[in-house]
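FYI, numbering that gives the first Met the number 0 numbers position 263 of the sequence shown as 262, with every residue one higher than the one before it.
Using N, Cα and C, we set each Cβ at its ideal position, and we do this for glycine too.
Read the structure below first, then the notes.
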Amino acid sequence: MQSSKGFGQKNQQPLGTASPDITTSPLSIPKYSPSVHKQRSSGSLTAATSQTLSQRSAPATTTPAARSDSSNDFRVVGTKIYDPNGREFIAKGVNINGPGYGWPGKTPEQVDNIKRWGFNSIRLNVRQLGLDNKQTYAENGTIDAIVEKFTSQRIVVMIEPHERTGKWFSSDELNKLVNWHKGLASKYKDNPYVWLNVSNEPGGSDSGSSSAVSKYVQQNTSVIKAIRSTGFDNPIVVDGWSWGQDTGSWNSNPVSESKSAILSLGQKLLAADPNKNTVFSLHTYDQWKTNTQAKMNDFINRVHAKGLALIVGEYGAENGSSGRFKETVSGVLPVVQKREVGRFAWAWQGGDAFDLTTNGGGYKANFSSNGSMPDNLSWFGQQVWKDAHRAENLQMHPGKPPEPVPLPTPEPISSPTPSPVPKPSASGSLRYEAENMSRSGYSTEDLSSASGRKLVKLSGAKGSLSQTFRGEFGTYDVVVGYFDENDGRSILKLDFAAKDFTLRFDQNLPSDKASSSSFARRTLGSVQLKEGEMFKLEGVRDTGEYARIDYFEFVRKPA
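So this is what it looks like as structure tokens:
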């Protein structure tokens with residue numbers, strides 16, 4: 000975001016001592032060693048050795064062929080984005096400070112807070128080209144550190160150069176931009192959770208002119224082709240012009256096609272991408288504050304009619320007495336929610352008035368042990384929190400079966416053969432019936448073969464359970480009794496203070512209903528617990544499988 004007509008300065012610099020986070024050569028990008036990368040020969044994700052990665056780090060010499068829908072990247076198919084498992088992906092993210100940016104943030108340390116907010120993606124604001132003479136903060140971390148921390152948790156990191164906002168890159172500057180993106184693409188091409196955003200809010204008041212058309216096409220096609228020449232298959236994101244708002248006017252209703260880069264030039268840029276994996280991004284501030292819902296709905300209709308995928312890369316409202324852009328947020332969110340358009344809030348932590356809490360950035364939220372909404376969120380923060388925790392009806396891509404990609408999880412699951420037999424309570428164990436736990440998005444269901452003759456199932460796309468542990472202090476094996484049907488692959492995430500677990504309902508037992516034939520019992524691992532500790536579980540539905548749960552059992556391990 001940047002200043003524009005009728006728009007206050009948003010990128011003002013906070014007071015503080017500058018700590019440069021740029022090497023002697025701003026384009027010097029050291030070799031990246033991620034914990035995960037794509038094994039291209041098999042289409043899976045595996046742990047990378049430094050030897051394997053070094054063999055893959057050199058840019059390809061030829062432009063790769065167009066992608067197929069069976070690849071294990073995030074991919075654009077028509078107007079939708081699908082994740083590496085083939086599931087529809089709706090970005091719910093936030094803009095966050097990266098290396099070289101003019102606001103501090105200690106970004107690598109924020110991953111747990113980002114997860115608490117429910118975000119599945121971040122837009123990483125970076126200044127490394129040396130084009131804007133702004134103060135920087137080394138504490139924001141390196142791109143490598145941020146990518147490693149966030150993508151290991153399956154959080155998309157969309158990297159964008161936050162320089163030349165509202166302007167165009169000159170020939171020398173464009174060469175720097177191209178080489179910077181090419182270096183990032185070579186480094187992260189084996190990490191499907193890294194996306195690249197060409198530039199931030201290109202073009203200002205000249206947007207729509209013949210000169211702007213030429214510059215917009217040249218700037219974006221040059222970067223797209225350079226990125227793809229490395230073998231980088233992941234999504235490339237292209238901002239609209241006119242400070243990213245893409246209307247070319249403060250009074251257009253509906254948006255004029257000739258004034259919108261996405262409407263008038265989007266198909267041309269998509270054609271320049273040999274992989275056809277380009278997403279277009281809109282920023283919604285003052286150019287969208289009147290007649291917002293009708294204007295936004297019409298714009299999305301026309302973008303989708305051209306076969307283009309769209310996200311909102313920035314949206315936000317100021318706090319305090321001004322309350323600027325509340326009407327924009329109130330109009331934009333209902334439309335993008337209904338139309339399943341991804342969105343990124345502005346911003347996680349900044350030197351402006353767009354705060355998520357009443358006392359600063361999102362990291363200052365008063366998080367509760369039961370996962371409820373913090374009590375110190377600003378009006379804008381409340382809208383973002385509710386949106387991030389809103390259940391979505393995510394569909395599988397019809398051309399790809401829902402086969403999970405083995406990405407790293409905080410705690411690997413032991414995989415004994417599930418046993419569809421009665422469920423005895425072992426000596427020294429403590430059992431919690433799921434139907435007696437605190438529930439949100441889960442309902443009860445009668446079943447004579449279930450423990451307690453009841454179970455719980457998701458009412459919609461997502462739900463949660465929570466419970467206070469009432470046993471003695473010690474180390475316990477965590478056991479789940481659940482129903483693993485053959486009509487989907489649900490996911491259950493268990494969050495303890497000391498450790499997290501993820502359970503995939505993927506045994507494909509011989510029933511598409513909750514019954515003794517589909518009952519499974521798994522030991523997920525061990526965790527240290529103390530009396531009074533709260534634990535929480537989140538279930539995610541997949542097609543016909545509703546993440547049905549019977550009970551949770553904690554089996555005391557010998558001291």
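query: If I measure Cβ to Cβ from residue 395 and keep anything under 7 Å in the same chain, skipping five residues before and after, which residues do I get?; result: 85, 86, 401, 542
query: Tell me the rounded alpha-carbon separation between residue 546 and residue 219.; result: 43 Å
query: Give every residue of the same chain whose Cβ lies closer than 6 Å to the Cβ of residue 571, excluding the five residues on either side of it in the sequence, and list them in chain order.; result: A question about residue 571 goes unanswered here, because the residues of the chain that appear run from 0 up to 558.
query: Alpha helix (DSSP H) containing residue 126: first to last residue?; result: Run containing residue 126: none; DSSP gives neither H nor E here.
query: Between the C-alpha atoms of residue 455 and residue 433, what's the straight-line distance to the nearest angstrom?; result: 6 Å
query: Rounded C-beta distance between residue 269 and residue 277? I'm assuming under 8 Å.; result: 5 Å
query: Kindly list the residues whose CB is nearer than 8 Å to the CB of residue 461, restricted to its own chain and excluding five residues on each side of it in sequence; keep chain order.; result: 390, 391, 440, 537, 538, 539, 540
query: Return the chain-ordered list of same chain residues with a C-beta closer than 8 Å to the C-beta of residue 62, the five sequence neighbours on each side being excluded.; result: At residue 62 the pLDDT is 33, less than 50, meaning the model places this residue with poor confidence; the figure from the coordinates comes in the next sentence. Counting only Cβ-Cβ distances below 8 Å, and skipping sequence neighbours, we find 224, 227, 228, 273.
query: Return the chain-ordered list of same chain residues with a C-beta closer than 6 Å to the C-beta of residue 90, the five sequence neighbours on each side being excluded.; result: 120, 310, 341
query: Once the 5 residues before and after residue 167 are set aside, which same chain residues still bring their CB inside 6 Å of it?; result: 214
query: Rounding to the nearest angstrom, what Cα-Cα distance links residue 291 and residue 254 in this structure?; result: 11 Å
query: Pop quiz: residue 553 and residue 470 are said to be a contact at Cβ under 8 Å. What is the actual Cβ separation, rounded to whole angstroms?; result: 6 Å
query: Quick check: what's the CA-CA separation for residue 140 versus residue 549?; result: 43 Å
query: Would you call the stretch 291-308 in contact with the stretch 185-192, where contact means no fewer than 3 C-beta pairs closer than 8 Å?; result: no
query: Please list the terminal residues of the continuous beta strand (DSSP E) segment that includes residue 180.; result: Careful: residue 180 lies outside any beta strand (DSSP E), inside the alpha helix (DSSP H) at 170-187.
query: If you reduce the DSSP assignment to three classes, tell me which class residue 107 lands in.; result: helix
query: Taking 8 Å as the cut-off, decide whether the C-beta atoms of residue 172 and residue 199 are in contact.; result: no
query: Just reading off the beta strand (DSSP E) that residue 523 is part of, what are its end residues?; result: 518-528
query: Can you check the stretch 262-335 for any alpha helix (DSSP H) of at least 4 residues that lies completely inside it and give the ranges in chain order?; result: 291-304
query: Assuming the contact rule is C-beta atoms closer than 8 Å, residue 123 and residue 154 should be a hit. Round their C-beta distance to whole Å, please.; result: That pair is no contact at about 11 Å.
query: Can you name, in chain order, every residue of its own chain whose Cβ lies under 7 Å from the Cβ of residue 72, other than the five neighbours on each side?; result: 83, 191, 232, 233
query: Per DSSP, what kind of secondary structure is residue 153 in: helix, strand or coil?; result: coil
query: Over what stretch of residues does the alpha helix (DSSP H) that includes residue 534 continue unbroken?; result: No alpha helix (DSSP H) contains residue 534, which is instead part of the beta strand (DSSP E) from 533-539.
query: Kindly list the residues whose CB is nearer than 7 Å to the CB of residue 271, restricted to its own chain and excluding five residues on each side of it in sequence; keep chain order.; result: 220, 223, 224
query: Can you give me the Cβ contacts of residue 237 inside the same chain, cut-off strictly under 7 Å, excluding the 5 residues immediately before and after it?; result: 197, 219, 268, 277, 279, 280
query: Under the three-state reduction of DSSP, which class applies to residue 362: helix, strand or coil?; result: helix
query: Does DSSP put residue 81 in a helix, in a strand, or in coil?; result: strand
query: What residues are listed by DSSP as bridge partners for residue 552?; result: 430, 478
query: Let me know the secondary structure DSSP gives residue 114 once reduced to three states.; result: helix
query: DSSP beta-bridge partners for residue 232?; result: Note: residue 232 sits in no beta bridge, so no partner.
query: Report all residues from its chain with a CB closer than 8 Å to the CB of residue 378; omit the five preceding and five following residues, and keep chain order.; result: 316, 318, 322, 325
query: Rounded to whole angstroms, what is the Cα-Cα separation between residue 178 and residue 217?; result: 15 Å
query: Among all the DSSP beta bridges, which residues are the ones paired with residue 501?; result: 492
query: Cα separation between residue 499 and residue 524?; result: 10 Å
query: So residue 530 and residue 472 are in contact, right, with Cβ under 8 Å, and what is the actual spacing, rounded?; result: 7 Å
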